[in-house]
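Engineer: Questions regarding the structure given below will be posed in turn.
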Amino acid sequence: MNKIYYLASCDSCRKIIKALPQNHNLTFHDIKQNPITTHELEEMYQLSGSYEALFSKKAQLYKSMDLKNKSLTEADFKKHILEHYTFLSRPVFIINSKIYIGNSKQNILKVMTALS
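Residue numbers are given in my numbering: position 94 of the sequence shown equals residue 153, and the series is strictly consecutive.
What follows is the structure, encoded as structure tokens:
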């Protein structure tokens, strides 16, 4: 199943979703309305190889909790992502068993290619 994990209130996510091809065949998962499960995060981990790759260091909570000055382990990254949706780098696309994390132009070009 092809899926996008996103935040409906995120301007970047909305812009990317609006630019998707009409026949994208994606299932949408708003991570604020429907928090990700341990199973879903495990699937992302299997595809990405790292919880840190899925973790957003741009999140306001990352700064307010002063996490940048702490040595975080993979278990810490996992715990934080499961505790609060803001720690998941977004959007996350899973397309044909491949994962695309974040909103960089290069990443979104790969997503568009994978969907076409």
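We put the beta carbon where it would ideally sit given N, CA and C, even for glycine.
Keeping to the same chain, check which residues put their C-beta closer than 7 Å to that of Ile167; ignore five residues upstream and five downstream.
Structural biologist: Cβ within range, chain order: Ile75.
Engineer: Helix, strand or coil for Ile90 per DSSP?
Structural biologist: If DSSP states are grouped into helix, strand and coil, Ile90 belongs with coil.
Engineer: Just the C-alpha distance for Ser156 and Asn61, rounded to the nearest angstrom, thanks.
Structural biologist: The straight-line gap from Cα to Cα measures roughly 8 Å.
Engineer: Can you give me the start and stop residues for the alpha helix (DSSP H) that Tyr121 sits inside?
Structural biologist: Tyr121 -> alpha helix (DSSP H) spans 119-123.
Engineer: Within 10 angstroms of the Cβ of His98, are there 16 or more other Cβ atoms? Answer buried if so, exposed if not.
Structural biologist: With fewer than 16 Cβ atoms within 10 Å of its Cβ, His98 is classed as exposed.
Engineer: Are the CB atoms of Leu141 and Leu100 within a distance shorter than 8 Å?
Structural biologist: Contact flag set, yes.
Engineer: What are the boundary residues of the alpha helix (DSSP H) that includes Ile76?
Structural biologist: That run of the alpha helix (DSSP H) goes 70-78.
Engineer: Determine contact between the segment 142-149 and the segment 107-123, defined as no fewer than three beta-carbon pairs at a distance below 8 Å.
Structural biologist: The answer is yes - the segment 107-123 touches the segment 142-149, with three or more Cβ pairs under 8 Å.
Engineer: Identify, in the order they occur along the chain, each residue of the same chain with its Cβ nearer than 7 Å to the Cβ of Ser123, setting aside the five sequence neighbours on each side.
Structural biologist: None.
Engineer: By DSSP, does Lys164 sit in helix, in strand, or in coil?
Structural biologist: In the structure shown, Lys164 sits in a helix (DSSP, three-state: H, G or I).
Engineer: Within 10 Å of its beta-carbon, does Ala118 have 16 or more other beta-carbons around it, so buried, or fewer, so exposed?
Structural biologist: So Ala118 ends up on the buried side.
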